[in-house]
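*Asks:* Handing you a structure now.
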Ligand SMILES: Nc1ncnc2c1ncn2[C@@H]1O[C@H](COP(=O)(O)OP(=O)(O)OP(=O)(O)O)[C@@H](O)[C@H]1O
Ligand SMILES: [Mg+2]
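Chains as they are written, first to last, in our numbering: chain A, 13 to 297; chain B, 97 to 341.
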């Protein structure tokens, strides 16, 4: 019973607040009556406007930081010339291949370590040791090993993605309630059935959190990797712009990084919402 | 004692000989012998920590059979625990159908859910069930396998009094209908006398008391003989009753 009652509570709050917010609006109709979701964007918008005003008033020099209008204009221009899309594609390609390799490796290692004692003995100790190493510090070694082409960049992204996936999936597998495993065993599930119906679904929430970390870490790795002698990609665009003091293009690059990160996060949230529909907090949404 | 309508369903009795189980220096079961007639309904009482769950786990073969013990157990076995232990990521019917082979898994699961009165919750997520509904789902999951041995470990302990009364009726009906040899662990002497044909008390690692309950069904607390049985069992559990004198 308690579950069913607890579920609507957080949502129940929202309409309540909206109603409260609606009351003064009814009293004085000229007040701002934006829905709460939109109201969140007011203060960032004000900041951007202030930034624009400061730039126009000459308080911020263009070589310190370009005005938002200039940034937008440059973004538009870079898009029209095809420069931005082509760099974007290069960066996306790096992230996707790095993620593909890193996530697969993380999942494979976590399955080996999570599902068998011997696998844990072999895999987990080295992984836990390596994990303490800040992987971005490996850049010099990677350059020595892989040169300065695409390989070290993709390898760095892969490394950044593999660890969060490994750690969360492994602990997710080990964290599955042994009582559920026991019950499923009584009801005739063999080892394969247990893994498929109990252990993996039980580990999924934790693994998806890991995937989100992996995406964050992949972007970070990409930013660092693209500082290594790149001749294409968003990082190259930024570095190139630095040479010519084009702060507007640098900001465009930063915005693209931010948007890509946001998009990736939204994607994982979507997957979570569909794959974890059974969770008490999501049920009835 | 056996259910009237399908006496042939269960042929094999349950036989346990010389079951000893230790955890370190703590001997929980000590050369325990146990016989249950096919299709009988037995309640197992005992103080907390007396080894009831340990015995049940051994009968369910969740723990390895200790050396020197001989077990003849009716199979298949099904267990319902104090917590329903439903898989939260599977819907109610998928939980019931867990491990069932073949195409009819779903229709068999739905039939079992209908028996426990949950036809309307077939597609629900376990997180949205009430305690009683979750426990009924667990019962349906146990029954859908047509077990010959049904083990219940305090299945109603977490339910409110009204729900528990309904669950008693449901369990008796399911038992009468399917006829598994049933062993229910409970703390509640009244529950034991209401449900079972035979009440055992586990003490010092053995069956210390073995009481036949010959009250006609359906039983009520007010039945003559109920109070006497209750007093006898409470006495065996070491509880003296002033009000029952
Ligand atoms: N895995 C274990 N390791 C060590 N000791 C255990 C283990 N399982 C049970 N015991 C001990 O065995 C004894 C009996 O436990 P058991 O769970 O069978 O008691 P119980 O009769 O079911 O009690 P309750 O009525 O409280 O559920 C207890 O003293 C318990 O601490
Ligand atoms: Mg117990």
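Note that CB positions come from ideal geometry on N, CA and C, so glycine has one too. This one's a predicted model, so the numbers in the text were calculated from it and none came from an experiment.
1) In terms of DSSP beta bridges, what is residue 114 of chain B paired with?
2) Cutting at 6 Å between CB atoms, please list the residues of its own chain near residue 220 of chain B, excluding the five before and the five after it.
3) With 9 Å as the C-beta to C-beta threshold (strictly closer), list the residues of the stretch 185-199 of chain A near chain B in chain order.
4) Return yes when the C-beta of residue 142 of chain B is under 7 Å from any heavy atom of ligand 1, and no when it is not.
5) Less than 8 Å between the beta carbons of residue 201 of chain A and residue 198 of chain B, yes or no?
6) What residue from A/176, A/113, A/260 and A/224 has the CA that sits closest to residue 76 of chain A's CA?
7) Find the residues of chain B that neighbour residue 222 of chain A, judging by a C-beta separation of less than 9 Å, and give them in chain order.
8) For the alpha helix (DSSP H) that residue 262 of chain A lies in, which residues bound it at each end?
9) Restricting to Cα atoms, I'd like to know which of B/322, B/303 and B/300 is closest to residue 310 of chain B.
10) Assuming the contact rule is C-beta atoms closer than 8 Å, residue 167 of chain B and residue 112 of chain B should be a hit. Round their C-beta distance to whole Å, please.
11) I'd like to know whether the C-beta atoms of residue 55 of chain B and residue 297 of chain B end up nearer to each other than 8 Å.
12) Would you kindly report the start and end of the unbroken alpha helix (DSSP H) that includes residue 325 of chain B?
13) Rounded to a whole number of angstroms, what is the C-alpha to C-alpha distance between residue 301 of chain A and residue 83 of chain A?
14) Taking 8 Å as the cut-off, does the stretch 216-232 of chain A touch the stretch 269-277 of chain A (at least 3 CB pairs, one atom from each stretch)?
15) Since residue 162 of chain A is in the alpha helix (DSSP H), which residue starts that stretch and which ends it?
16) Is DSSP giving residue 259 of chain B helix, strand or coil here?
17) What does residue 213 of chain A reach in chain B if we use C-beta pairs closer than 9 Å?
18) Is there at least one Cβ from chain B nearer than 8 Å to residue 209 of chain A's Cβ?
19) Residue 210 of chain B: buried (16+ other C-beta within 10 angstroms of its C-beta) or exposed?
20) Less than 8 Å between CB atoms is the rule here; does residue 179 of chain B satisfy it with respect to chain A?
21) Are there 16 or more other CB atoms within 10 angstroms of the CB of residue 129 of chain B, so buried, or fewer, so exposed?
22) Quick check on residue 201 of chain A - is its C-beta less than 8 Å from some C-beta in chain B?
23) Is residue 176 of chain A close to chain B? Criterion is C-beta to C-beta, closer than 8 Å.
*Replies:* Short version:
1) Start at 1 with the first residue of the second chain, and residue 114 of chain B comes out as number 18. Beta-bridge analysis with DSSP links residue 114 of chain B to no other residue.
2) The residue you call residue 220 of chain B lines up with position 124 of the second chain. Same-chain partners within the cutoff: 188.
3) Under the 9 Å Cβ criterion, the stretch 185-199 of chain A contributes 189, 191, 192, 194, 195, 196, 197, 198 and 199.
4) On the second chain, position 46 is the one that residue 142 of chain B refers to. True, at least one ligand heavy atom lies under 7 Å from that Cβ.
5) Translated into positions along the first chain, residue 201 of chain A becomes position 189. Translated into positions along the second chain, residue 198 of chain B becomes position 102. In this structure, residue 201 of chain A lies away from residue 198 of chain B, with their beta-carbon atoms at least 8 Å apart.
6) Stepping through the first chain from its first residue, residue 76 of chain A is reached at position 64. The candidate whose alpha carbon is nearest that of residue 76 of chain A is A/260.
7) On the first chain, residue 222 of chain A is found 210 positions in, with the first residue counted as 1. What residue 222 of chain A touches in chain B: nothing, since even the nearest Cβ is about 17 Å away.
8) Residue mapping note: residue 262 of chain A aligns to position 250 of the first chain, counting from 1. First-last of the alpha helix (DSSP H) with residue 262 of chain A: 259-287.
9) By 1-based counting over the second chain, the position of residue 310 of chain B is 214. Of the candidates B/322, B/303 and B/300, the one whose C-alpha sits nearest the C-alpha of residue 310 of chain B is B/322.
10) If you number the second chain from 1, residue 167 of chain B lands on position 71. If you number the second chain from 1, residue 112 of chain B lands on position 16. With a Cβ gap of about 6 Å, residue 167 of chain B and residue 112 of chain B count as contacting.
11) A query on residue 55 of chain B cannot be resolved here, the shown segment of chain B reaching from 97 to 341 and no further.
12) For the purposes of this step, residue 325 of chain B is taken as residue 229 along the second chain, with counting starting at 1. Its alpha helix (DSSP H) spans residues 322-332.
13) Past the edges of chain A, shown from 13 to 297, lies residue 301 of chain A, and the structure says nothing about it.
14) Yes: at least three Cβ pairs fall under 8 Å.
15) The residue labelled residue 162 of chain A in the question sits at position 150 within the first chain. Note, residue 162 of chain A: alpha helix (DSSP H), 162-186.
16) Against the second chain, residue 259 of chain B aligns to sequence position 163. Helix at residue 259 of chain B.
17) What you label residue 213 of chain A is simply residue 201 of the first chain in a count that begins at 1. In chain order: 183, 184, 185 and 186.
18) Here residue 209 of chain A refers to the residue found at position 197 when the first chain is read from its first residue. Taking Cβ atoms only, chain B reaches closer than 8 Å to residue 209 of chain A, which makes this a yes.
19) Residue numbering aside, residue 210 of chain B sits at position 114 when the second chain is read from its first letter. Burial state of residue 210 of chain B is exposed, judged by a 10 Å Cβ sphere holding fewer than 16 other Cβ atoms.
20) Locating residue 179 of chain B in the second chain gives position 83, counting from the first residue. It does: the Cβ of residue 179 of chain B has a partner Cβ on chain A nearer than 8 Å.
21) As a working note, residue 129 of chain B is residue 33 in the second chain. Under the 10 Å beta carbon count, residue 129 of chain B is surrounded by fewer than 16 other beta carbons and is classified as exposed.
22) Within the first chain, numbered from 1, the residue matching residue 201 of chain A stands at position 189. Answer yes: the Cβ-Cβ gap between residue 201 of chain A and chain B drops below 8 Å somewhere.
23) On the first chain, residue 176 of chain A is found 164 positions in, with the first residue counted as 1. By this cut-off, residue 176 of chain A is not an interface position.
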